[in-house]
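Below is one structure, written out as structure tokens, with a few remarks after it.
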Amino acid sequence: MKMVLLVCTLVVLSLSCRQIQKATDVITNPTAREVYERNFYKEDSRYLAWKEAYTRARKDSLEIDLPYSEAGQFSSSHHSVYSYGLSLKEGEQLLVYIDPVSDSTEVFLDLFQKKDSLFSEKPVASSQPGEHFLLYEVNESARYLLVLQPEMDSDSQFQTKIYTNPQYYFPVAGAGNKNIQSFWGASRDGGRRSHKGVDIFAKRGTPVVAATEGRISFTGERGLGGKQVWLRDGIFGRSLYYAHLDSIAAENGQRVQIGDTLGFVGNTGNARTTAPHLHFGIYNGYRGAVDPLPFIKLKEVPETSLEYAGTSAKINRTKAELRNGPSTSYKQLLSLSNNDTVHVLGQTGNWFHIETKELQKGFIHQSLVKESL
2 MKMVLLVCTL
12 VVLSLSCRQI
22 QKATDVITNP
32 TAREVYERNF
42 YKEDSRYLAW
52 KEAYTRARKD
62 SLEIDLPYSE
72 AGQFSSSHHS
82 VYSYGLSLKE
92 GEQLLVYIDP
102 VSDSTEVFLD
112 LFQKKDSLFS
122 EKPVASSQPG
132 EHFLLYEVNE
142 SARYLLVLQP
152 EMDSDSQFQT
162 KIYTNPQYYF
172 PVAGAGNKNI
182 QSFWGASRDG
192 GRRSHKGVDI
202 FAKRGTPVVA
212 ATEGRISFTG
222 ERGLGGKQVW
232 LRDGIFGRSL
242 YYAHLDSIAA
252 ENGQRVQIGD
262 TLGFVGNTGN
272 ARTTAPHLHF
282 GIYNGYRGAV
292 DPLPFIKLKE
302 VPETSLEYAG
312 TSAKINRTKA
322 ELRNGPSTSY
332 KQLLSLSNND
342 TVHVLGQTGN
352 WFHIETKELQ
362 KGFIHQSLVK
372 ESL
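Note that the sequence shown covers residues 2 to 374 in this note's numbering.
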């Protein structure tokens with residue numbers, strides 16, 4: 002009888018702990034990595050090796066340009082971790098998608114921001130449990146570090162793509178990047194001032210639309226901007242400035258949704274001697290005007306049709322350069338010698354993402370690889 006009571010007590014305590022944990026998680030919103038790490042004792046040698054690989058990857062100096070795609074294979078024997086340094090601009094939205102062959106494979110994504118020459122100790126964004134993607138709205142132009150690590154004992158092949166989208170909808174109906182013909186910082190009035198926005202050229206009468214949902218804070222005709230509309234993005238958000246309109250369709254105080262027509266392209270104000278266009282600007286509180294281009298510039302989505310070559314390779318040259326990015330324009334890290342064996346983490350275009358026996362990661366051109374096993 003005592004044994005039955007003991008077992009019942011333990012079951013109740015276990016259920017209570019789980020319920021408390023679930024309740025706590027609702028408040029703390031733990032990352033996928035944090036939830037996964039609860040399954041291991043801190044002294045577990047396998048867990049410690051897995052954590053050490055993650056720590057090393059955070060110190061890597063590899064760099065990529067976006068958009069970027071890579072095909073590879075996770076290796077349980079090498080504790081595969083992938084880290085990429087990248088530059089992001091205010092107004093962009095970072096998108097990272099991992100497509101493992103096995104949907105049950107857990108993959109952990111962490112993004113760190115560089116400040117004062119050091120990356121933040123805690124990630125500014127992380128993937129959530131069960132998700133194979135990361136979305137992050139960039140509010141500060143800076144260098145960032147993306148770290149990708151699969152769960153322990155994973156040997157699944159995968160494909161990844163990393164790219165950015167604009168945070169806002171394009172503000173001129175039917176137009177795109179090619180219609181932007183004057184940019185932030187261009188000289189105005191013989192150098193007495195600089196351009197605080199971008200000019201998007203289109204036929205007179207082309208609709209200009211809400212780039213985000215929000216409330217109209219001003220409509221009217223005044224100053225250099227002529228007929229204009231101001232759209233407020235949230236109570237404490239940015240103000241979007243639409244100028245040189247031919248006519249105005251929105252009203253003060255109106256609540257608008259993305260794509261709603263605010264007015265029509267024209268050349269009022271100080272643009273009366275130029276072709277019809279929209280001057281589009283963004284003002285961010287006390288910071289004043291910010292470059293609006295990253296907020297609206299449309300980007301390419303990378304292809305992910307790469308065929309992965311294998312997990313190990315040998316060097317076929319007397320001297321082969323290992324670089325910190327997948328191009329000859331990137332810095333050389335070291336030289337490898339003929340018949341040196343390297344572990345292949347993945348492939349992007351004509352470049353292998355590799356790790357040496359000394360645990361140095363980098364990129365090497367496929368022409369320098371003798372064979373894949």
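We put the CB at the ideal spot given by N, CA and C, even for glycine.
Note that the coordinates shown come from a computational prediction; the quantities given were computed from them, not determined experimentally.
Subject >> Buried versus exposed, by CB contacts within 10 Å (16 or more), residue 137 >> reply: So residue 137 ends up on the buried side.
Original post:
In terms of residues, what are the limits of the alpha helix (DSSP H) holding residue 46?
Top reply: 46 to 58 is the extent of the alpha helix (DSSP H) around residue 46.
Subject >> Extent of the continuous beta strand (DSSP E) run through residue 39 >> reply: Residue 39: not part of any beta strand (DSSP E); DSSP gives it neither H nor E.
Original post:
When we look at the beta-carbon of residue 117 and count the other beta-carbons within 10 Å, is it buried (16 or more) or exposed?
Top reply: Residue environment: residue 117 is assigned as exposed (fewer than 16 neighbouring CB atoms within 10 Å of its CB, all protein chains considered).
Subject >> Contact set for residue 205: own chain, Cβ-Cβ below 8 Å, skip 5 residues either direction >> reply: When the five nearest sequence neighbours on each side are left out, the beta carbons in the same chain lying within less than 8 Å of the beta carbon of residue 205 are those of 247, 265, 266, 267, 268 and 277, in order along the chain.
Subject >> For residue 440: DSSP bridge partner residues >> reply: Since the first residue of the chain shown is 2 and the last is 374, residue 440 is not available in this structure.
Original post:
Taking three-plus beta-carbon pairs below 8 Å as touching, is the segment 148 to 167 in contact with the segment 83 to 94?
Top reply: Contact between the segment 148 to 167 and the segment 83 to 94 is present, because at least three Cβ pairs lie under 8 Å.
Original post:
What span of residues does the beta strand (DSSP E) with residue 249 cover, start to end?
Top reply: In the DSSP assignment, residue 249 falls within the beta strand (DSSP E) that extends over 240 to 249.
**OP:** Using only alpha-carbon positions, find the residue among 239, 107, 43 and 297 that is nearest to residue 98.
**Re:** Ranking 239, 107, 43 and 297 by Cα distance to residue 98 puts 107 first.
Original post:
Leaving out the 5 sequence neighbours to the left and right, which residues in its chain are closer than 6 Å to residue 222 when beta-carbon positions are compared?
Top reply: Here residue 222 has 228 as same chain residues with Cβ atoms under 6 Å from its own Cβ, once five neighbours each way along the sequence are excluded.
Subject >> DSSP-derived helix/strand/coil call for residue 167 >> reply: Residue 167: strand per DSSP, three-state reduction.
Original post:
With 16 other CB atoms within 10 Å as the buried threshold, where does residue 337 fall?
Top reply: Looking at its Cβ environment, which holds 16 or more other Cβ atoms inside 10 Å, residue 337 is buried.
Original post:
Alpha carbon to alpha carbon, how far is residue 362 from residue 341?
Top reply: Distance between the alpha carbons of residue 362 and residue 341: 14 Å.
**OP:** Could you name the residues of the same chain whose beta carbon sits closer than 6 Å to that of residue 314, not counting the 5 residues immediately before and after it, in chain order?
**Re:** Cβ contact annotation for residue 314 (same chain, cutoff 6 Å, sequence separation greater than five): 343, 345, 370 and 373, in chain order.
Subject >> Nearest-angstrom Cβ-Cβ length linking residue 281 and residue 253, presumed shorter than 8 Å >> reply: Actually they do not touch by this definition, with Cβ atoms about 20 Å apart.
Original post:
On the premise that residue 121 lies in contact with residue 110, defined as a C-beta separation below 8 Å, what is that separation, rounded to the nearest angstrom?
Top reply: The beta-carbon separation of residue 110 and residue 121, rounded to 15 Å, does not stay under the 8 Å limit for a contact.
Original post:
To which residues of the same chain is residue 284 closer than 7 Å at the C-beta, ignoring the five residues directly before and after it?
Top reply: Once the five neighbours on either side are set aside, the close Cβ partners of residue 284 are 239, 240, 242 and 290.
Subject >> Start and end residues, beta strand (DSSP E) containing residue 99 >> reply: DSSP places residue 99 in the uninterrupted beta strand (DSSP E) bounded by 93 to 101.
Original post:
According to the Cβ coordinates, are residue 318 and residue 334 closer than 8 Å?
Top reply: No, these two residues do not count as a Cβ contact at 8 Å.
Subject >> residue 295: first and last residue of the uninterrupted alpha helix (DSSP H) it sits in >> reply: According to the DSSP assignment, residue 295 belongs to the alpha helix (DSSP H) that extends over 294 to 297.
**OP:** Starting from residue 176, trace the beta strand (DSSP E) both ways and give me its first and last residue.
**Re:** Going by DSSP, residue 176 is part of no beta strand (DSSP E) at all; its letter is neither H nor E.
Original post:
Span of the beta strand (DSSP E) holding residue 283?
Top reply: Residue 283 -> beta strand (DSSP E) spans 278 to 284.
Subject >> Endpoints, beta strand (DSSP E) assigned at residue 333 >> reply: Its beta strand (DSSP E) spans residues 333 to 337.
**OP:** Return the first residue and the last residue of the beta strand (DSSP E) that residue 358 is part of.
**Re:** From DSSP, residue 358 is part of no beta strand (DSSP E); its letter is neither H nor E.
Original post:
Are the beta-carbon atoms of residue 172 and residue 33 separated by less than 8 Å?
Top reply: No. Outside cutoff.
Original post:
What's the gap between the Cα of residue 161 and the Cα of residue 249?
Top reply: If I take the Cα positions, the gap works out to 44 Å.
**OP:** Hey, could you find the ends of the beta strand (DSSP E) residue 342 is sitting in?
**Re:** Its beta strand (DSSP E) spans residues 342 to 349.
Subject >> Check whether residue 178 and residue 298 have beta carbons under 8 Å apart >> reply: With respect to the 8 Å criterion, residue 178 and residue 298 are classified as neighbours on the basis of their beta carbons.
Original post:
Would a C-beta distance cut-off of 8 Å place residue 300 and residue 164 closer than the cut-off?
Top reply: A contact, by the Cβ cut-off of 8 Å.
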